[in-house]
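To keep things clear, I will list the structure first and then write my remarks on it.
Residue numbers (our numbering): 37 to 191.
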């Protein structure tokens, strides 16, 4: 299934990458305690309890060398950690990608879910969304932008 603006071949490859990355995030120490199974791609079901994590595939492009495709795809992935308090989302972001430390997703170089990954944090930001009122008040968000290089393992 192709999306507008995304190459047909790279989208097919990315679907499985998304499943592998989601599984890796859920397996990080402390994430399942913090958010349970609430890690989703491209949606946050209405009425879902907080905290939760939403992953967004912002863009991806198949990398080329002079002879042919290199086998690697470079994706920009945005992670939104949503919660009822600022401390809650900051702590989730700290588990996902600790500042200044090669841990979690920050500086990850690993093979899992049938894919090789190289992941780097390229931006981080926290905000309060007063338009998304919940029973406890406002919703807080911490955003991480990742540069995700991935290829099929063994390719």
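Note that CB positions come from ideal geometry on N, CA and C, so glycine has one too.
Query, Result
"Cutoff 6 Å; reference residue 184; Cβ partners in own chain excluding five residues on either side", "111, 113, 155"
"Beta-ladder partner(s) of residue 118, from DSSP", "88, 177"
"Cβ neighbour criterion (16 or more within 10 Å) applied to residue 158", "exposed"
"C-alpha distance - residue 134 paired with residue 141, whole-angstrom precision", "8 Å"
"Per DSSP, cross-strand counterpart(s) of residue 157", "182"
"Buried or exposed (CB count within 10 angstroms, at least 16 for buried), residue 87", "buried"
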